[in-house]
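Residue numbers (the working numbering): 13 to 251. Glycine included, each C-beta is placed from N, C-alpha and C at the ideal position.
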């Protein structure tokens, strides 16, 4: 009788032990898209997010309520490097960025990273009698500082936006480089990532952008003479 009772107790305790072990196995550093932690070369992470961008009232007659859809990915490289990229789209406005980031852990919890991305923005409007397009190339140097716990990570990001050139197509007329090399602005971001499921994470982010131009407002392209505050809120899911 006693052996049977002990066996039954072990069977009841084993699932709980396995559950605790699976919870301990989760490490936000391995599921994060922003914390600058070196990863094993070849590791691929990606996420899907919605980014709500609030353009200045001076740019548009009415606000754009639809968020941009963002696909973000990174591939770990040797010596702490990674190749980070993202694609944002709202059909008429698209933003692609790609570049290397160097990641380094100062301690088990504190991490820093610096990187550079080249950006290409493309927009088109062929409705309501319009046939306009825009193409923009940009530099995006950036720096990150992250702090990780077991299931939660916090990341601060600073970025500079420098326009290399802008070409605007109006009907059948194509302009030359209308901006040239120009300092577009800068941004500060704060991201909170936490465990969502046993192997997945969720990210909440806020960005304070100070820019002269944003691809989402390109149909109302105006003189880029000074910077505007363009806040952004996003939510992303690790895939």
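If you drop the 5 nearest sequence neighbours on each side, which residues of the same chain put their C-beta closer than 7 Å to that of residue i?
i	result
residue 87	56, 94 and 95
residue 174	150, 151, 195 and 196
residue 280	Outside the modelled stretch of the chain, which goes from 13 to 251, sits residue 280, for which no answer is possible.
residue 118	124
How should residue i be labelled, buried or exposed, when 16 other C-beta atoms within 10 angstroms of its C-beta is the threshold for buried?
i	result
residue 210	exposed
residue 143	exposed
residue 161	exposed
residue 103	exposed
residue 41	buried
residue 167	buried
residue 169	buried
residue 193	exposed
residue 225	buried
residue 242	buried
residue 156	buried
residue 34	For residue 34, the pLDDT reaches just 47, beneath the cut-off of 50, and the residue's location in the model is therefore unreliable, leaving the point undetermined.
residue 165	buried
residue 154	buried
residue 238	exposed
With distances taken Cα to Cα, identify the nearest neighbour of residue i among the options.
i	options	result
residue 121	62, 163 and 144	163
residue 202	224, 244, 192 and 240	244
residue 125	198, 91 and 215	91
residue 39	205, 219, 238 and 248	205
residue 139	182, 65 and 64	182
residue 50	200, 116 and 172	116
residue 219	198, 176 and 98	198
residue 221	137, 172, 98 and 69	172
Using a C-beta cutoff of 7 Å, does residue i count as contacting chain C?
i	result
residue 162	Going by chain labels, chain C is absent from the structure shown, which holds only one protein chain.
Given residue i, which residues of its chain have a CB within under 6 Å of its CB, disregarding the five upstream and five downstream residues?
i	result
residue 107	100, 133 and 227
residue 250	43, 59, 212 and 213
residue 81	101
residue 148	133 and 178
What residues in its chain sit with their C-beta under 8 Å from that of residue i, if we drop five residues either side in the sequence?
i	result
residue 52	88
residue 54	87 and 88
residue 112	89, 93, 94, 95, 96, 127 and 128
residue 247	61, 62, 214, 215, 216 and 217
With the cut-off set at 7 Å, would you say residue i and residue j are in Cβ contact?
i	j	result
residue 45	residue 109	no
residue 180	residue 146	yes
residue 217	residue 48	no
residue 67	residue 79	no
residue 71	residue 229	yes
**Whole runs of the beta strand (DSSP E) within the region 190 to 232, excluding any shorter than 3 residues** = 194 to 207 and 213 to 223
**Prompt:** Considering only residues of the region 120 to 189, which uninterrupted beta strand (DSSP E) runs meet the minimum length of 3 residues and lie entirely inside it, listed in chain order?
**Reply:** Counting whole runs of 3 or more residues, the region 120 to 189 contains the beta strand (DSSP E) stretches 122 to 137, 144 to 160, 164 to 182 and 185 to 189.
**Uninterrupted beta strand (DSSP E) stretches inside the region 59 to 88 (no shorter than 3 residues)** = 80 to 88
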